[in-house]
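These protein sequence lines are chains A and B, in that order.
Heads up: the first sequence begins at 1 in full-length UniProt numbering, then just goes up one per residue.
Heads up: the second sequence begins at 1 in full-length UniProt numbering, then just goes up one per residue.
Quick reminder that beta carbons are idealized off the backbone N, C-alpha and C, glycines included.
This report concerns only the one structure given below.
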Amino acid sequence: MDFGPYLMLAMLEGAVMAAVLALTASGLSLVFGVMRVVNVAHGEFYMLGAVVAWFVAQHVGGGPAIGFVAALILAPLLVGGLAALADMTILKRIDYDPERTIVATIGLLYVIQQVALMTYGPNAQPVEPPFNQRIALPWLEWGDGGLAIYFPWGLSTTSYKLFVIIAAVAVILAVWLLMSRSKAGLIMRATQLDGEMATAFGIPVERVYAAVFGIGAGLAALAGVLIVPIQQAHYLMGGDALLLSFIVVIIGGLGSLPGTIVAAVLIGMSDGIISVFFSPTLAKIIATLLVALVLVFRPQGLFGARAR
Amino acid sequence: MLEIDGITAGYGPATVLRALSLRAAPGQITCLMGRNGAGKTTTMKAIMGLLPVTAGTITLDGAPLSGLPAHEVPRRGVGYIPQGRRLFGELTVAQNLTVGLMTRKSGPDTREEVLELFPRLRERLAQRADTLSGGEQQMLATARALCLRPRLLLLDEPTEGLQPSMIEAIRQVILRMRDSGAIVLLVEQRIDAVLAMADHVHVIENGRNLEDLDAAALAADPSRLRAHLGV
Numbered sequence: 001m002d003f004g005p006y007l008m009l010a011m012l013e014g015a016v017m018a019a020v021l022a023l024t025a026s027g028l029s030l031v032f033g034v035m036r037v038v039n040v041a042h043g044e045f046y047m048l049g050a051v052v053a054w055f056v057a058q059h060v061g062g063g064p065a066i067g068f069v070a071a072l073i074l075a076p077l078l079v080g081g082l083a084a085l086a087d088m089t090i091l092k093r094i095d096y097d098p099e100r101t102i103v104a105t106i107g108l109l110y111v112i113q114q115v116a117l118m119t120y121g122p123n124a125q126p127v128e129p130p131f132n133q134r135i136a137l138p139w140l141e142w143g144d145g146g147l148a149i150y151f152p153w154g155l156s157t158t159s160y161k162l163f164v165i166i167a168a169v170a171v172i173l174a175v176w177l178l179m180s181r182s183k184a185g186l187i188m189r190a191t192q193l194d195g196e197m198a199t200a201f202g203i204p205v206e207r208v209y210a211a212v213f214g215i216g217a218g219l220a221a222l223a224g225v226l227i228v229p230i231q232q233a234h235y236l237m238g239g240d241a242l243l244l245s246f247i248v249v250i251i252g253g254l255g256s257l258p259g260t261i262v263a264a265v266l267i268g269m270s271d272g273i274i275s276v277f278f279s280p281t282l283a284k285i286i287a288t289l290l291v292a293l294v295l296v297f298r299p300q301g302l303f304g305a306r307a308r
Numbered sequence: 001m002l003e004i005d006g007i008t009a010g011y012g013p014a015t016v017l018r019a020l021s022l023r024a025a026p027g028q029i030t031c032l033m034g035r036n037g038a039g040k041t042t043t044m045k046a047i048m049g050l051l052p053v054t055a056g057t058i059t060l061d062g063a064p065l066s067g068l069p070a071h072e073v074p075r076r077g078v079g080y081i082p083q084g085r086r087l088f089g090e091l092t093v094a095q096n097l098t099v100g101l102m103t104r105k106s107g108p109d110t111r112e113e114v115l116e117l118f119p120r121l122r123e124r125l126a127q128r129a130d131t132l133s134g135g136e137q138q139m140l141a142t143a144r145a146l147c148l149r150p151r152l153l154l155l156d157e158p159t160e161g162l163q164p165s166m167i168e169a170i171r172q173v174i175l176r177m178r179d180s181g182a183i184v185l186l187v188e189q190r191i192d193a194v195l196a197m198a199d200h201v202h203v204i205e206n207g208r209n210l211e212d213l214d215a216a217a218l219a220a221d222p223s224r225l226r227a228h229l230g231v
């Protein structure tokens with residue numbers, strides 16, 4: 001295979017990664033944006049999404065498609081509900097104090113991780129994708145008769161990977177519409193801008209916080225469900241997701257949804273491409289270096305507003 | 001009738017209000033005066049439920065406000081125009097009004113009425129609130145509170161830092177609300193404005209009641225007010 005098809009393959013893998021990352025990170029970004037809470041347990045909600053997807057797929061009969069659709073609906077709801085509960089029972093009690101929230105969510109991280117280990121076990125388990133046709137991709141080449149289309153051996157993707165990309169784009173679009181066009185979004189933004197005045201205009205701020213924390217966790221869980229047919233569910237999979245989400249959110253600017261998307265595409269694509277041509281470790285090194293550079297030269301992130 | 005009966009309130013361990021009582025009647029403008037740090041803004045926040053009231057009661061038309069969750073207070077018809085306006089700066093003028101309209105599920109007719117009071121806002125509906133001039137921001141803060149169709153209107157120094165034409169516009173709205181039978185509680189520092197508008201004045205000092213004066217007493221002897229306020 002020539003360089004061109006290789007690059008295309010790497011970019012496709014990168015796009016899948018970017019899609020999942022954008023979903024996970026937008027949840028983290030939403031929670032920070034509205035609540036000013038740094039949620040260290042965010043990666044565990046992603047892991048829970050994957051694990052719940054496995055449980056649901058095991059217990060719902062009728063073929064992989066039905067099990068997967070059930071997981072796609074149930075996992076975000078269950079995980080979001082759990083997160084909302086954690087918000088009401090833990091974060092509310094410590095008054096969303098920034099330092100104590102970090103410590104509390106670290107505790108939450110270990111509780112969730114260990115409960116997953118005790119119930120789900122230490123093994124990585126696959127979930128069958130609902131559909132998984134191999135799609136051969138064409139490539140253009142200058143031949144004797146001018147521009148010709150041919151299908152290089154090995155240049156292919158699966159319908160499921162394309163579905164992951166499309167699903168992530170659709171969900172992120174929905175989140176954006178929710179925040180910018182709906183009454184619920186207006187309530188969340190008013191709460192974010194001035195919680196006390198939001199209260200003075202009848203907005204139940206505590207319930208908004210619980211809902212936002214739930215939605216953020218639900219987005220991570222959704223990303224977990226989408227990735228599990230590609231990567232398998234494992235109780236430690238939240239660590240990388242958390243690290244990469246933080247990288248994305250810091251580069252994009254904490255609390256900025258467009259920034260998060262751009263940074264997710266940047267990190268996901270570069271991770272895919274560098275992993276294919278060099279090594280995955282180099283990809284992580286470069287991503288972390290990028291964070292350091294952003295923190296030095298543009299501490300508010302690429303799209304973040306300066307602190308007022 | 002707003003009745004505040006012997007309330008104690010403050011920020012955490014710091015008590016600001018001590019056994020404070022006051023009354024404000026419908027169709028009247030009741031002014032709250034006092035030196036800086038006397039507890040005027042704290043009184044407003046205590047009415048809104050934004051601070052815990054540790055003793056005493058606050059009732060509106062006989063129904064208790066103290067003890068309600070803070071977000072329920074505005075739903076009972078309490079419109080709050082806070083000091084410094086406190087608009088949702090990144091939201092547009094229209095969105096700020098929508099937040100006010102959502103509080104008590106007011107309809108589009110309320111929105112029309114409010115925009116008729118402030119035609120300048122209608123021209124700026126799509127503009128971000130923090131790009132408005134100071135006077136326009138005060139108009140928006142007032143309009144946002146009027147969107148609740150308030151039974152009780154709390155105004156915390158609404159004319160602070162405004163040019164005379166804006167002060168007059170805000171004054172007209174206050175008078176209109178009074179004439180429509182609302183309870184108006186106004187924190188105001190400018191003595192001549194108070195003398196011109198107030199039906200009743202409560203002077204507080206160090207979070208306690210110092211003196212209550214009605215319009216007749218004020219007209220007879222304005223110097224008493226000046227003596228209390230030290231100007």
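Status (buried if at least 16 other CB within 10 Å, exposed otherwise) for residue i
i, result
"B/N36", "exposed"
"B/Q172", "exposed"
"A/S245", "buried"
"A/S26", "buried"
"B/N206", "exposed"
"A/T288", "exposed"
"B/A14", "exposed"
"A/D271", "buried"
"B/A24", "buried"
"A/S256", "buried"
"B/M48", "buried"
"A/S180", "exposed"
"A/V296", "exposed"
Proximity winner among the options, relative to residue i (alpha-carbon distances)
i, options, result
"A/K92", "A/I165, A/V212, A/G43", "A/V212"
"B/L195", "B/G6, B/P158, B/C31", "B/C31"
"B/E168", "B/E3, B/L22, B/M139, B/D5", "B/M139"
"A/V37", "A/G67, A/I106, A/A198, A/L140", "A/I106"
"B/P200", "B/R18, B/G107, B/L22", "The sequence as given places His at residue 200 of chain B; Pro does not occur at that position. That would be B/L22, whose Cα lies nearest to the Cα of B/H200."
"A/Q125", "A/L117, A/F131, A/N132", "A/L117"
"A/K183", "B/G12, B/M102, B/G34, B/R86", "B/M102"
"A/T89", "A/G238, A/A221, A/Y209, A/I267", "A/Y209"
"A/A283", "A/V291, A/L290, A/I274", "A/I274"
"A/V262", "A/L12, A/L21, A/A148, A/M8", "A/L21"
"A/E13", "A/V294, A/P280, A/L295, A/L293", "A/P280"
"B/N209", "B/R176, B/G10, B/R120, B/R18", "B/R18"
"A/G238", "A/V51, A/V127, A/R100, A/A168", "A/V51"
"B/C147", "B/S180, B/R111, B/L91, B/A70", "B/R111"
"B/K40", "B/A215, B/R224, B/D214, B/I204", "B/I204"
"A/V171", "A/Y96, A/L219, A/M197", "A/L219"
"A/P129", "A/Y235, A/P229, A/V294, A/L293", "A/P229"
Cα-Cα separation between residue i and residue j, rounded to whole angstroms
i, j, result
"B/T43", "A/A18", "52 angstroms"
"A/G4", "A/G146", "18 angstroms"
"B/K105", "A/L77", "29 angstroms"
"residue 247 of chain B", "B/Q83", "This structure leaves residue 247 of chain B out entirely; chain B is present only between 1 and 231."
"A/W153", "A/L30", "42 angstroms"
"A/A57", "A/A83", "22 angstroms"
"B/M166", "B/G135", "6 angstroms"
"B/D192", "B/M33", "12 angstroms"
"B/D5", "B/D212", "14 angstroms"
"A/A264", "A/A241", "12 angstroms"
"A/Y120", "A/E44", "14 angstroms"
"A/Y46", "A/W142", "45 angstroms"
"A/R308", "A/P122", "In this predicted model, A/R308 has a pLDDT of only 45, less than 50, meaning its place in the structure is not dependable; the value taken from the coordinates is given anyway. One C-alpha to the other measures close to 46 angstroms."
"A/A190", "B/G89", "9 angstroms"
"B/L175", "A/G195", "30 angstroms"
"B/H71", "A/Q192", "16 angstroms"
"B/A38", "A/I73", "56 angstroms"
"A/G185", "B/Q137", "23 angstroms"
"A/T158", "B/R85", "56 angstroms"
>> Three or more C-beta pairs under 8 angstroms: does that hold for the region 288-303 of chain A against the region 245-265 of chain A?
In response: yes
> Does the region 208-224 of chain B come close enough to the region 76-83 of chain B that 3 or more CB-CB pairs lie under 8 angstroms?
Replying inline: As far as the Cβ criterion goes, the region 76-83 of chain B does not touch the region 208-224 of chain B, which means the pair count is below three.
> Fully enclosed by the region 111-152 of chain B, which alpha helix (DSSP H) runs are 4 residues long or longer?
Replying inline: 119-123, 134-146
>> Taking contact to mean 3 or more Cβ pairs, one atom from each stretch, closer than 8 angstroms, check whether the region 121-138 of chain B and the region 86-98 of chain B are in contact.
In response: Because the criterion of three Cβ pairs below 8 angstroms is met, the region 121-138 of chain B and the region 86-98 of chain B touch.
> Are the region 178-186 of chain B and the region 141-154 of chain B in contact at 8 angstroms, needing three or more beta carbon pairs?
Replying inline: yes
> Counting only runs that start and end within the region 141-217 of chain B, where is the beta strand (DSSP E) found for 3 or more residues in a row?
Replying inline: Listed in chain order, the beta strand (DSSP E) runs fully inside the region 141-217 of chain B are 152-156, 183-187, 200-205, 208-214, counting runs of at least 3 residues.
> For the 8 angstroms Cβ check, are there 3 or more pairs between the region 62-70 of chain A and the region 104-121 of chain A?
Replying inline: no
>> Any contact between the region 155-167 of chain A and the region 129-137 of chain A? By contact I mean 3 or more CB pairs, one from each, below 8 angstroms.
In response: yes
>> What ranges does the alpha helix (DSSP H) occupy inside the region 120-184 of chain A, keeping only unbroken runs of at least 4 residues that lie completely in it?
In response: 159-181
>> In chain order, what are the residue ranges of uninterrupted alpha helix (DSSP H) at least 4 long that sit wholly in the region 44-126 of chain A?
In response: Within the region 44-126 of chain A, the runs of alpha helix (DSSP H) that reach at least 4 residues and sit entirely inside it are, in chain order, 63-86, 98-119.
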